[in-house]
Amino acid sequence: MELIDQVSINALSKKDLLLIIKALEFTNENTNLQDFIDLRNSIVKEICFLTNTTEEKFINYLESNQI
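Going letter by letter, the sequence shown gives residues 0 to 66 in numbering that gives the first Met the number 0.
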């Protein structure tokens with residue numbers, strides 16, 4: 000269990016990260032369970048903090064790099 004402290008998003012591709020974010024949004028919209036949008040917002044907020052960017056710029060970056 001000590002290895003769980005070292006989990007990182009470094010291995011996630013931009014496509015995978017966008018898929019996770021969109022899946023959380025979709026699940027929230029279709030279940031009305033607040034936990035899903037809270038988790039999405041928490042993930043995005045933390046990444047935006049770490050990258051010193053806004054949510055809008057971050058999401059646009061992920062979406063613009065899709066093939």
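Yeah, the Cβ is synthetic: ideal placement off N, Cα and C, and Gly gets one too.
Rounded straight-line distance, which links the Cα of residue j to that of residue i
i	j	result
residue 12	residue 46	14 Å
residue 55	residue 31	23 Å
Per-residue DSSP class, three states only, for residue i
i	result
residue 46	helix
residue 32	coil
residue 0	Residue confidence for residue 0 is low, a pLDDT of 48 falling below 50, so the modelled location carries little weight and cannot support an answer.
residue 58	helix
When the options are compared against residue i, the one with the closest alpha-carbon
i	options	result
residue 40	19, 10, 30	19
residue 62	10, 7, 9, 14	14
Buried or exposed (CB count within 10 angstroms, at least 16 for buried), residue i
i	result
residue 0	Bear in mind that the predicted position of residue 0 carries a pLDDT of just 48, short of 50, making it too unreliable to give a figure here.
residue 23	buried
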